[in-house]
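Residue numbers (UniProt numbering): 1 to 887. Each residue gets a CB set at the ideal place from its N, CA and C atoms; glycine is no exception. Data block below; observations after.
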Amino acid sequence: MLKKKTLKSVIRNPFLSLQSISIRYKVAFHLILGTILITVAVVEYAYYVARQTVIDQFEKQVRSATLQMQSEIQNVFLRMDRKELNQEKAFDIIRNSMVGPMMEIRLTFRQSDNDKGRMKEQIGRMLGIFDPRISDAFDIKEIKAQTPDGLTEYLVEKRPGGEPLGRVQRLDSERALFRALDPWLIRDIYDGYYRLSRKDRQTVRQGFQFEIVRNLSVSSLRLGNTGYGFALTAYTPEWMIQGTTYPRDYTENAIRSRYANNFSETGYTAEEITRYKEAFGQTADENLAFVSRDMKERHTPANGLIAVIHPFREDEDLDNVQFDGTMVVREMMMQRQGFYRYPWQNSGETSPRQKLIYLTTFEHPQLQQPWVIAVGGYEDEVLGPIQSLHRNLYILLFAAIVVFALSSLAFLQLNIIVPLNRLLEGISRIKEHDLTVRVKRINGDEIGFVTRTFNQMVRLIADHETKLSEYARTLENRVQERTQELSETLAEVQQLKERQDGDYYLTSLVLNPLISKKVSSETVSVDFRIRQKKSFRFRKWSGEIGGDICIARSLSLKGRDYTAFLNADAMGKSIQGASGALVIGSVFESILERTVSAAVFRNHYPERWLKNSFRELAKIFLSFDGAMGASLVIGLVDDRTGTVYYINAEHPFGVLYRKGRASFIETEAVLKRIGIRESTESQTVVRTFQMQPGDVLLFGSDGKDDLDLGDGNRNDDEYLFLSLVEQSGADLDSLTEQLGRRGELTDDLSLLRIEFSGMTDRDGRRTLTELINHHIKQEDYAGVLSHAWTYLDEHPATTDILYTFSYAFRKVKDYATAAELGERIYLREPDRPGNLVNLAYCHVKMSSHQRAEFFAQKALDLDPGNDVARRIQDMIAEARPSQGIFN
């Protein structure tokens, strides 16, 4: 049976206990949890979509209502412009339409006792402020018995006639509230109020808490239960610059930018800028603090943000109205356009509600200040139905979850738990070595299949136990026979291993002499280290074999001394790699020997010699049809100047060590490795690099980067080698040791080190460059060429100057020399348009039309709009009939 875990056992070892909790509880828990999560996700998503839809619709309603209010105000002012209405009547129509007609006017006055005579006298004086005619035209009548706290309510009646005018309510022992309810009296007070000056109206408001109450229920712009429209007279703060808006142009970044640019975008004069800074801050920080204070602190007196239209606070200065530290009405006035959301808590409410309004402005010549118009409502009023639905959905869905969970548990009990318990009981009997047990199958489902398989397994176990008993009786004879077979096989393997090591040994005897260093230069020193991955032992000899090879040798080209070098990594391990290295070494040694022995092979510039050597290696490897391949770097170092010419065929980038810092001398691979067709078909590019005295160049195979760092991690940081070069000071022994400490080598490793110790004449180069540039400006090409060979002799790596000399030779009609220099440039920079055109022209003049056509077309491929290349093609076309065939 499935064991039930007690709370005590779960607490003692929670992980193991939870693992062995009954499957019925695990399944039930995951079913309920999954259903709850899915339910919550679905309900919340549906609620989010519905809420967003309702809010979007509400925003449209708010905006539409605001624009309707603006339109109605505009229509009334048009009637006023046509003299159909005076301003007083126009404002009356707007207020009655927008926020409803007046229901009552409230005034609070001080009254410390219930003396009706004194109360009548006080009310008379108060009403006389608005209209002296009504100061004594009423009586006061008590209509409610005194309450235990001594407060009484009175009726104010018109005299004569006894018609009710309003009521008086005692608020406390010191104050009483007069509510004007009669339409005639309300109108009279209202008109009298607006006949007062702004200062007197403010005094009345403060002295009597004057309040106009309108019937919002008949407003033409009502939104929801408590939404309404209003209009404010808008003032412009003195610190606000014309053409700017708040808050966009008064953020910290905007203010700092304005001060940094000295108000250039404002159009202010210097005097106006000075006055502005004196008034509102000499620095951006002071201006930011001033604006922040003005927007957040209370104004004394208020700045005149008057509610022209409002159902509850008409004609009140709302400049200092705030909620939770935010001057909400002031921010509305500053924004003036668009939606504005803010929390607001009305009197009698326990918590703030989110309110949405849409703002726009209205201007008219008869208005001293523009109006900010807005209509808004509370979001909870429009969200109420979907919030109720949201809550009810949770109730219904969780009820469904409970029903689903109970039915699922019942299903699990009948179809899974009971069959599993029977299987567990059978397993327990097998653990007690009872192989006669059989479990009764209830259903034909998956668990029924498991039950049937279990019974078959028990039968197989019983059969195997029988066979094992038989094997035990014959085991000793079988072990002796197998030991004899293994001994014979081991002897055969040892014989094969000895033959293989012999092959390795013979191959190493041929390969090792090819790894040679025959350098006699006084300024260039070459050293290398090779550590092949495969080691072997044949009889009394031991060694290594692999595909890495390094070769260096001094030679002469065109009477100039060079140091040739090669570092290659042949494809494959052990004997395969060694075969590739053997081919590379043999061919390159043949090229070197041929160059040293035959003058015809020494009459090449370094670029041409490198190209020919690389092409020969690539062609031989291509003949193996992909069975062999290799990455390599092959190069020449000018012993006199330290100029390096080299070709890199998918070999790791070279590293320059200069003044204690290591860096790559290349950024991208140009050529593919030899042995594949792309290598022979692609353009061969000879790179150049100028070494300085004390510089060290390092080339190496990818074995320097393929390090096993342990725990299954391999090095993938190409810059690790640079840091090791710096730490070792570019010393090969130290560098090899540090590589071994960082990780285990997983491939053959070869490192080739070139150090230049000669001298370079920088001052002479600068002087020659200035002379050459002077002759170029004078178009004195003969003067340019007078320095050509001197310059190239000392600074052959400068391709731009090489091109200048080629062009100068062309101008003096020495086309052969110009073409020879141009071909050198082409090997370095095959996509240089100017050189291609120059070469094409020279070959035309030398009647080498095929070569000229090649360079002209290549220039047009790079720059289809090259008119010079097209003219050269025309020259070739004109030459065809007279030449017959091209040279």
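Check each candidate in the options and name the one with the smallest Cα separation from residue i.
| i | options | result |
| --- | --- | --- |
| Glu-174 | Asp-115, Ala-231 and Leu-221 | Asp-115 |
| Ala-302 | Gln-322, Thr-283, Asn-287 and Ala-289 | Gln-322 |
| Arg-742 | Leu-768, Asn-715 and Asn-96 | Asn-715 |
| Gly-654 | Gln-738, Asp-139, Glu-681 and Arg-753 | Arg-753 |
| Tyr-719 | Thr-361, Asp-319 and Ala-662 | Ala-662 |
| Val-372 | Ser-579, Leu-232 and Asp-434 | Leu-232 |
| Val-844 | Asp-315, Glu-878 and Glu-829 | Glu-878 |
| Glu-305 | Tyr-235, Glu-314 and Leu-356 | Looking at the sequence shown, residue 305 is not Glu but Leu. The shortest Cα separation from Leu-305 among Tyr-235, Glu-314 and Leu-356 belongs to Tyr-235. |
| Thr-361 | Leu-67, Arg-687, Gly-559 and Trp-239 | Leu-67 |
| Ala-405 | Ile-32, Val-382, Arg-478 and Lys-431 | Ile-32 |
| Pro-343 | Pro-370, Asp-706 and Tyr-378 | Tyr-378 |
From what residue to what residue does the alpha helix (DSSP H) around residue i run?
| i | result |
| --- | --- |
| Leu-185 | 183-195 |
| Gln-206 | 198-208 |
| Ser-848 | Note, Ser-848: premise wrong, no alpha helix (DSSP H); not H, not E. |
| Glu-252 | 252-260 |
| Leu-617 | 606-622 |
| Leu-414 | Unbroken run through Leu-414: none, as it is neither H nor E. |
| Tyr-781 | 781-785 |
So with Cβ pairs under 8 Å, would you call residue i a contact of chain C?
| i | result |
| --- | --- |
| Glu-297 | No chain C is present in this structure, which holds just one protein chain. |
List the endpoints of the continuous beta strand (DSSP E) containing residue i.
| i | result |
| --- | --- |
| Gln-169 | 164-170 |
| Arg-673 | Arg-673 -> no beta strand (DSSP E), and no H or E assigned at all. |
| Gln-371 | According to the sequence displayed, residue 371 carries Trp and not Gln. Residues 371-378. |
| Pro-830 | From DSSP, Pro-830 is part of no beta strand (DSSP E); its letter is neither H nor E. |
| Asp-527 | 524-531 |
| Val-655 | 655-658 |
| Thr-361 | 353-362 |
| Val-696 | 696-700 |
Applying the criterion that 16 or more other CB atoms from any shown protein chain within 10 Å of the CB defines a buried residue, is residue i buried or exposed?
| i | result |
| --- | --- |
| Phe-621 | buried |
| Ile-876 | buried |
| Trp-609 | buried |
| Thr-300 | exposed |
| Lys-3 | A caution first: Lys-3 carries a pLDDT of 46, below 50, which makes its placement in the model unreliable, though a value can still be read off. Exposed, by the Cβ-count rule. |
| Arg-258 | buried |
| Asp-748 | buried |
| Thr-451 | buried |
| Leu-16 | Confidence at Leu-16 is low in this model, with a pLDDT of 46, below 50, so its placement is unreliable and no value can be given for it. |
Can you tell me which of the three DSSP states residue i falls into?
| i | result |
| --- | --- |
| Leu-555 | strand |
| Lys-440 | coil |
| Lys-5 | Its pLDDT being 48, under 50, Lys-5 is placed unreliably in this model, and the value from its coordinates should be taken loosely. The answer is coil: DSSP assigns Lys-5 none of H, G, I, E or B. |
| Trp-344 | strand |
| Phe-689 | strand |
| Ile-395 | helix |
| Leu-460 | helix |
| Ser-17 | Note that Ser-17 scores 48 on pLDDT, short of 50, meaning its location in the model is unreliable; the coordinates nonetheless yield the value given after this. In the structure shown, Ser-17 sits in a helix (DSSP, three-state: H, G or I). |
| Val-76 | helix |
| Arg-870 | helix |
| Phe-756 | strand |
| Asn-887 | For Asn-887, the pLDDT reaches just 40, beneath the cut-off of 50, and the residue's location in the model is therefore unreliable, leaving the point undetermined. |
| Ser-663 | strand |
| Arg-714 | strand |
| Lys-813 | coil |
| Leu-802 | helix |
| Arg-572 | According to the sequence as given, residue 572 is Gly; it is not Arg. Gly-572: coil per DSSP, three-state reduction. |
| Thr-53 | helix |
| Thr-736 | helix |
| Thr-326 | strand |
| Met-126 | helix |
From the DSSP secondary-structure annotation, give me the bridge partner or partners of residue i.
| i | result |
| --- | --- |
| Lys-141 | Leu-155 |
| residue 907 | The chain is shown from 1 up to 887; residue 907 falls before or after that span and cannot be answered. |
| Asn-567 | Cys-550 and Val-633 |
| residue 888 | As displayed, the chain neither begins before 1 nor continues past 887, which places residue 888 out of reach and without an answer. |
| Asn-648 | Val-633 |
| Arg-248 | Arg-248 pairs with nothing; no bridge assigned. |
| Tyr-562 | Leu-555 and Asp-638 |
| Ala-231 | Ile-309 and Ile-373 |
| Met-102 | Arg-214 |
| Ser-728 | Its beta-bridge partners do not exist; DSSP assigns none. |
| Ala-180 | Ile-105 and Gly-166 |
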